[in-house]
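Below is one structure; the comments refer to it alone.
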Amino acid sequence: MRDMLHEGRKGSTAVRLIHMLVLSLSASGVVLGFAAGFALAIQMNPETADRYVLNLGSLGEWASAIASAAAVLTALWLAWKQRRDSEEKILLKQYSTRDGYWLSLVSSGGRTATVLEVFLTSKRGEQTIALSRPPLVQSGDLPRQMQYGDTYTITADASEYGRIATEWAQAHPGSSIPLLYVVVVTSLGSFEQEINPDFCQSLRTALEGRSG
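In short: position in the sequence shown from 1, add 1183, done, that's the working numbering.
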């Protein structure tokens, strides 16, 4: 779930359904064409029928079976699509400049998302640095329920870089700041993404400045 900036899933459900039906009908057409050609060949050479036809049934039975299979596949796909769309989903958008760092949480799922906490961590989960606490967020902002389309932004002024870097250094004496991930924890799961590289570099610079 790291790459949550991709918003391509906003495509029309109707377009996807039509695409699925076209694929199903195309596959059905291929099979029906094969069956029709096979039946025609048998009619033209009835003496070979006992060699190739054991109990293939009529062309209508084949068409009915193919249509039933296509209907089942379409129903399964629609059920999977509906279940996926009913899940909570949080998109993470990050911006970093000399003046600060902004992390925007955007609710894009079909279910209301309840955001519990936000923190930074390394890939190995060695240490967490809370971002969901004052002064980065207002007291009482979290937990926070987010409907579809709601946006909530956490802001870290450049003056906070030193505190965040020092907090990491205290937990890992003598080590530099590795590649970090921002993690958003909700009531039903979590979403993570690599932190903005400029923000990561700013934390490293702040740590070097305090060490020097």
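All residues carry an ideal CB built from backbone N, CA and C; glycine is no exception.
Since the model is a prediction, treat every value here as computed from it, not as a measurement.
- The DSSP-derived three-state label of S1251 is helix.
- In the three-state reduction of the DSSP assignment, D1282 falls in the coil class.
- Around I1273, the same chain offers M1187, L1288, V1289, S1290, S1291, G1292, A1296, V1298, M1329, V1367, T1369 and F1374 as residues with beta carbons nearer than 8 Å, after the five sequence neighbours per side are excluded.
- Annotation for Q1353: the continuous alpha helix (DSSP H) segment containing it runs Y1344 to A1354.
- With contacts defined as CB atoms closer than 9 Å, V1301 and I1337 qualify as a contacting pair.
- Of the other Cβ atoms in all chains shown, fewer than 16 fall within 10 Å of the Cβ of E1391; this residue is therefore exposed.
- Under the DSSP definition of a beta bridge, F1302 partners with A1313 and V1366.
- Under the three-state reduction of DSSP output, D1324 falls in the coil class, being neither helix nor strand.
- For T1388, no pairing in a beta bridge is given by DSSP.
- In the DSSP assignment, Q1376 falls within the beta strand (DSSP E) that extends over S1373 to E1377.
- Secondary structure at T1297: strand, using DSSP grouped into helix, strand and coil.
- DSSP links I1337 through a beta bridge to L1286.
- A direct Cα-to-Cα measurement between Q1310 and A1354 gives close to 7 Å.
- Note on S1251: under 16 other CB atoms within 10 angstroms of its CB, so exposed under the neighbour-count rule.
- P1318 and P1326 have their C-alpha atoms roughly 16 Å apart.
- With contacts defined as CB atoms closer than 9 Å, G1283 and E1377 fail to qualify as a contacting pair.
- Listed as beta-bridge partners of Q1330 by DSSP are no residues whatsoever.
- Under a 10 Å Cβ-count criterion, V1255 is classified as exposed, with fewer than 16 other Cβ atoms of the shown protein chains found around its own Cβ.
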